[in-house]
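Under the numbering used here, the first residue of the sequence shown is numbered 99, with each subsequent residue one higher.
Every residue gets a Cβ at the ideal spot worked out from N, C-alpha and C, and that includes glycine.
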Amino acid sequence: MRLFLLLALAFALISISLVVSQNPEFLRQTQQFVSGSDEATPAASLTETPANSWSDLFEHTSFVGMQDDGWQALSGFPSFAKIIIPLPRKVTLTDGRLRLSLSTQMAESGVGTLRVSINNTRRADLVLKTGEDRRSLLLGLTPEDLARPRLVISLTVQGDAFSGVCPSRPSRGVVVDVLPESGVELAHSEALTDPLDIWLADTKPARFYMYAGDDSAQRADSLLLAARLKQLQHNVEFFPQTDAENTPVQILSVDRNQSEDLVYDIQTGRLTIKDPNLAVTRFASDTTLSLADLLSGPLSAVPADENAILEDDSTRTFFRSHRWRMNFDLTERRAGRAPSQMRLALKTSNQLEGADWLVRVLLNNNLLASYELETGSDVFERLIRLPAELQLPDNEIAVDLLTTDITNSICDPGLEVAAQILPETRLSGEAVTNAQIPIHAVNALGQPGRVSMTAQPQFSGAQAALASSLVAYVLPQDTLVETGAQELAAIPTRLAVTDSAGLQERLEAVDLSDTSKQYWVVTEADGESAAQAPYQIIPVGAGQLTTSRLPMYDSAVFLFIETSEGATSDAQAD
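As structure tokens, then:
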């Protein structure tokens, strides 16, 4: 009898398990009945809903995402990334949400979280799973978010992944990729009609016609506009004009004869700008104005603060070492001026007596200075010289704080330290340059007065892409460029985009005995210097010897810069 009861109980349990496995909704309802309440709706949804369910609630919607070939990733503990997404400016936004599609990989020994902040406000913390995983995160936007010209999305990965040799020592251990389908879904009261709003809502690269024929001015205008957009972090691509009928929307071109600054044809999707010099302000995601420009009196003479280089001044915690990276681009500074020094202000937590810490400063991977950190002082300040000969158009300053203590165990990470680069950290001064220093070419292009630009060959799409990148690399953003003047020779600084044959002709015509002129060639970097910069600026002149080699293959592209006497005289004074 007892055996029979046991068999009946086992049969009942098996039957119940089968019912539950085939009906998960039954289990959910049972849990709600036991708990006595419904499950709360999370503020950050990790569950995918039908793609059109949200947009069906509104009459007018749009999606502003990452560009097609854009890529953002975080690697290691801790790591940080910032994504900036511009918002439409000529419509009233009524609702919106951020969609983040993530691909994560974390070591089996890892424990980590991903924090998402929007406009410096924490919005979500996501626990990362070990191994490979894909997550989709939806975050609602506040009215304050929608009132801004752009969203600043900050991603922070915190945690540890421990190695097998030293269980107490963390390793890199994690990679988080932000997938291209990420972006912002927006609802607005009316349809997008403004040309820039429509253009910004398209995540595809900007497309350019490559003009056929002998119109050098049109080619130069296209290359100049593409260069300006690249300086604003927009992607571009080129295609022959014969392919226009089969090309989708977002075709850009320049027409200096049109009456309006910006014209958009909704039928063809063609966006035409009157002057590519306006692109820096027209196509920027937002504009800023120095407070000194709005004040009257003595303060109005103070130049705009172009010297701030620190983007993130938050406190960092670490064990034995940490590196801060700060970037400055000479093309973004007024007249392409190179700074002569940096004031470094560093604040640290109190150190134990006898602890040995070093502050090390590097410019473009060149060691500038190394200092011992004084025990008992929590603020470190130094004025550090920035040699002009070590500077490039795009520069990186690295500040290392590290200990020289030798621990008794290879698995001892030491004491945790907190440190912060203070906002007082600044660039200042103007470096003295001369024609032998490559950045002198950038300074010459940034001097007051016009710069002429020509593009003689009929470039292919690949050549045009490289040419626009070379122009973006050396041309300061506030430099006005003329492409259609009849007397280009009268303009003191001339920039020519050319191929191998055209460069040879220009170099053969150079008269090195004429000291009133200076010349530079801008091209791809050779293999030895490619790790530091993708392009190189080579001075050409009497008494200048260079080991640089020019890539003279058939499809090579060059910039040839020529400056007459007086065009760079202002650059010689400190």
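{"Check": "Own chain partners of residue 278 with C-beta closer than 6 Å, once the 5 adjacent residues on each side are dropped", "Outcome": "164"}
{"Check": "Top-ranked residue by Cα proximity to residue 234, from 561, 247, 281 and 649", "Outcome": "281"}
{"Check": "Collapsed DSSP secondary structure at residue 498 in the structure displayed", "Outcome": "strand"}
{"Check": "Element boundaries [alpha helix (DSSP H), containing residue 296]", "Outcome": "293 to 298"}
{"Check": "Where residue 649 falls, given that 16 or more other Cβ within 10 Å makes a residue buried", "Outcome": "exposed"}
{"Check": "Alpha-carbon spacing of residue 653 relative to residue 598, whole angstroms", "Outcome": "8 Å"}
{"Check": "Residue 374 (DSSP reduced to helix, strand or coil)", "Outcome": "helix"}
{"Check": "Per-residue burial, residue 660 [other beta carbons within 10 Å of its own, 16 or more giving buried]", "Outcome": "buried"}
{"Check": "Every unbroken alpha helix (DSSP H) within the stretch 313 to 337, with a cutoff of 4 residues, ordered by chain", "Outcome": "314 to 329"}
{"Check": "Of the listed residues 567, 624 and 425, nearest to residue 525 (C-alpha basis)", "Outcome": "425"}
{"Check": "Presumed contact (8 Å Cβ cut-off) between residue 96 and residue 637, rounded CB distance", "Outcome": "This structure leaves residue 96 out entirely; the chain is present only between 99 and 672."}
{"Check": "For residue 175 and residue 258, believed in contact at Cβ under 8 Å, the rounded distance", "Outcome": "6 Å"}
{"Check": "Length at least 3, wholly inside the stretch 550 to 616: the beta strand (DSSP E) runs in chain order", "Outcome": "591 to 596"}
{"Check": "Beta-carbon separation (whole angstroms), residue 442 vs residue 459, contact threshold 8 Å", "Outcome": "7 Å"}
{"Check": "Residue range of the unbroken beta strand (DSSP E) whose run includes residue 464", "Outcome": "464 to 470"}
{"Check": "Extent of the continuous beta strand (DSSP E) to which residue 196 belongs", "Outcome": "191 to 204"}
{"Check": "Neighbour-count burial assignment, residue 658, 16 or more Cβ in a 10 Å radius", "Outcome": "buried"}
{"Check": "Beta-carbon separation (whole angstroms), residue 272 vs residue 204, contact threshold 8 Å", "Outcome": "4 Å"}
{"Check": "DSSP three-state assignment for residue 426, whether helix, strand or coil", "Outcome": "strand"}
{"Check": "Rounded distance between the beta-carbons of residue 253 and residue 195, thought under 8 Å", "Outcome": "So it is not a contact: roughly 17 Å between Cβ atoms."}
{"Check": "Beta-bridge partners of residue 659, as assigned by DSSP", "Outcome": "593 and 618"}
{"Check": "Enclosing beta strand (DSSP E) for residue 539 [first to last residue]", "Outcome": "Taken as a continuous stretch (DSSP letters only), residue 539 belongs to no beta strand (DSSP E), being part of the alpha helix (DSSP H) at 537 to 543."}
{"Check": "Length of the line joining the Cα atoms of residue 199 and residue 600", "Outcome": "47 Å"}
{"Check": "Cα-Cα separation between residue 596 and residue 561, rounded to whole angstroms", "Outcome": "10 Å"}
{"Check": "Beta-carbon spacing of residue 445, residue 533 below 8 Å", "Outcome": "no"}
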